[in-house]
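Asks: Adding 55 to a residue's 1-based position in the sequence shown gives its number in this note's numbering.
Cβ coordinates follow ideal geometry from the N, Cα and C atoms, glycine included.
Bear in mind the structure is a predicted one, so any value in this text is a computation, not a measurement.
Take a look at this one; I'll ask things after.
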Amino acid sequence: SAGAGSCVLDQLFFVERYLTPELRKTMRAFVYALLPDLRFKELVAISLISHYPHLFALDLEQQEAKEAKSIRGEFSVQLFTIKPLAIMLCKEHKFLTMLLDCLNQSLRQACGDQGALDLTKKSSTHLAQKFCI
């Protein structure tokens, strides 16, 4: 069922960061191999956005090595560039609101007491590099 498939995907996205690089690569290849199926692609997108705020925050905190692309970044390109899917996610799952909330929260955390971007904070510098520079 769709619920069971979503549950498995949720678990994959949740544990992915704990996997060895080899297992992570295998898991991602497996998901990629199934992406041509449109229903699976939709389930992956819905599952990914349910984890998006947490994955977004992890990406900012961990500043992953450039050779180790985050799962959020890797699958976002594959999923959110498909216009009908992106529209469905925004309308039915409030994805645009979630993205703006993630950015707003990150900017608030990156600001100092004066409300200006505090570039002495590690996460602020990474945020500035990602969004402002």
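Quick check: the Cα distance between Met153 and Cys166, rounded to an integer number of angstroms?
Replies: Approximately 20 Å, taken between the alpha carbons.
Asks: Name the two residues that bound the continuous alpha helix (DSSP H) containing Thr152.
Replies: Looking at the DSSP string, the run of the alpha helix (DSSP H) that includes Thr152 is Phe150 to Ala165.
Asks: Is the Cβ-Cβ distance between Cys145 and Phe111 less than 8 Å?
Replies: no
Asks: Residues in the same chain with beta-carbon distance under 7 Å from Ala100, minus the five sequence neighbours each way, listed in chain order, please.
Replies: In its chain, beyond the 5 residues on either side, Leu134, Leu140 and Leu144 have a beta carbon closer than 7 Å to the beta carbon of Ala100.
Asks: So the candidates are Leu113, Leu64 and Asp114; which of them puts its Cα closest to the Cα of Ser102?
Replies: Leu64
Asks: Going straight from the alpha carbon of His148 to that of Leu98, what length do you get?
Replies: 12 Å
Asks: Could you check if Phe68 is buried or exposed, using at least 16 other CB atoms within 10 Å of its CB as the buried criterion?
Replies: buried
Asks: Between the C-alpha atoms of Val70 and Gly170, what's the straight-line distance to the nearest angstrom?
Replies: 35 Å
Asks: Check for me: the alpha helix (DSSP H) holding Gln133 runs from which residue to which?
Replies: Ile126 to Phe135
Asks: Which value, in whole angstroms, describes the spacing of the CA atoms of Thr75 and Val86?
Replies: Cα to Cα, the separation comes out at about 17 Å.
Asks: Which first and last residues belong to the alpha helix (DSSP H) in which Ala84 is found?
Replies: Pro76 to Leu89
Asks: Looking at the structure shown, is Asp168 part of a helix, part of a strand, or coil, going by DSSP?
Replies: coil
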